[in-house]
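Novice: In the numbering used here, the protein residues as written are 1 to 212.
C-beta atoms are modelled at their ideal positions from N, C-alpha and C, and glycine is treated no differently.
One structure, as structure tokens, below. Some questions next.
Here it is as structure tokens:
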């Protein structure tokens, strides 16, 4: 019989509580326009000719980015979401999507050539661990696109970090930050800044075995 320590129970309770705090952001026309602008040049600069590479959309929402990859001729595209409603909508489109927490997933090691993670990392309460999971899932020299709101925005999820903190976690997790840039969204007097990173996995980084 498995014995659960008090520390394990507290951590599991925290994991459950945080999973209930993830805010669902419905896919908007603006999201689709930004994906149309950002995704094609990213994937075509990464793997322009290899259409059978393995691609993962983390926090895939209703599946628009997955559809975009398919439109560009990429045939092995999968998604992850923690939201049942999003999972249902993706399934209705015959997209290959998994209902799971990306920090605690069953994805195999060294499998994906490309990870697309738009407007999702800011909801992780363990962003360094998240980056280590990306490292585990991705192939050496694989590419990742990560986009988050800037921490200076007035309306943001409270776990959002400054871009410099994210960049430090990315580097420590074995990635080279090949490109880092930002863009501004405005509506009337309201303005928001968002940042994106293009990453290349340079080395494998694994956690030590605590049971050894």
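Roughly how many whole angstroms lie between the Cα atoms of residue 193 and residue 14?
Specialist: If I take the Cα positions, the gap works out to 30 Å.
Novice: Is residue 77 near residue 58, with beta carbons less than 7 Å apart?
Specialist: Cβ distance not < 7 Å, so residue 77 and residue 58 don't count as in contact.
Novice: Kindly indicate which three-state DSSP category residue 43 falls into: helix, strand or coil?
Specialist: Here residue 43 sits in helix by DSSP.
Novice: For residue 167, which residues in the same chain have their Cβ closer than 8 Å to its Cβ, ignoring the five residues on either side in sequence?
Specialist: Contacts found: 177, 180, 197.
Novice: Between the alpha carbons of residue 102 and residue 190, how many angstroms are there, rounded?
Specialist: Between residue 102 and residue 190, the C-alpha separation is close to 31 Å.
Novice: Going by DSSP in three states, residue 26 sits in which element: helix, strand or coil?
Specialist: The answer is coil: DSSP assigns residue 26 none of H, G, I, E or B.
Novice: In angstroms, rounded to a whole number, what distance separates the CA positions of residue 19 and residue 41?
Specialist: Distance between the alpha carbons of residue 19 and residue 41 is about 33 Å.
Novice: Could you tell me the distance, in whole angstroms, from the CA atom of residue 7 to the CA atom of residue 129?
Specialist: Rounded to whole angstroms, residue 7 to residue 129 spans 18 Å at the Cα level.
Novice: State buried or exposed for residue 11, treating a residue as buried only when at least 16 other CB atoms are found within 10 Å of its CB.
Specialist: The residue in question, residue 11, is exposed, as its Cβ has fewer than 16 Cβ neighbours within 10 Å.
Novice: When you compare only the Cα positions, how much space is there between residue 169 and residue 182?
Specialist: Near 18 Å, if we compare the C-alpha coordinates of residue 182 and residue 169.
Novice: Tell me the DSSP secondary structure of residue 7 in three-state form.
Specialist: Correct three-state label for residue 7: helix.
Novice: What is the DSSP secondary structure of residue 181, reduced to helix, strand or coil?
Specialist: DSSP places residue 181 in strand when its eight states are reduced to three.
Novice: For residue 208, does the three-state DSSP call read helix, strand or coil?
Specialist: Looking at residue 208 - three-state DSSP - the assignment turns out to be coil, as it is neither helix nor strand.
Novice: Taking only three categories from DSSP, how would you classify residue 186?
Specialist: Three-state DSSP puts residue 186 in a strand.
Novice: For the stretch 45–116, which segments carrying the beta strand (DSSP E) assignment without a break, of at least 3 residues, lie completely within its bounds, in sequence order?
Specialist: Listed in chain order, they are 54–58, 76–81, 96–99.
Novice: Buried or exposed: which applies to residue 28, given that a residue is buried once 16 or more other Cβ atoms fall within 10 Å of its Cβ?
Specialist: Flag for residue 28 reads exposed.
Novice: When you compare each of 31, 108, 203, 67 to residue 91 by their alpha carbons, which one comes out closest?
Specialist: Looking at the Cα atoms, 67 is the closest of the given residues.
Novice: For residue 192, does the three-state DSSP call read helix, strand or coil?
Specialist: Three-state DSSP puts residue 192 in a strand.
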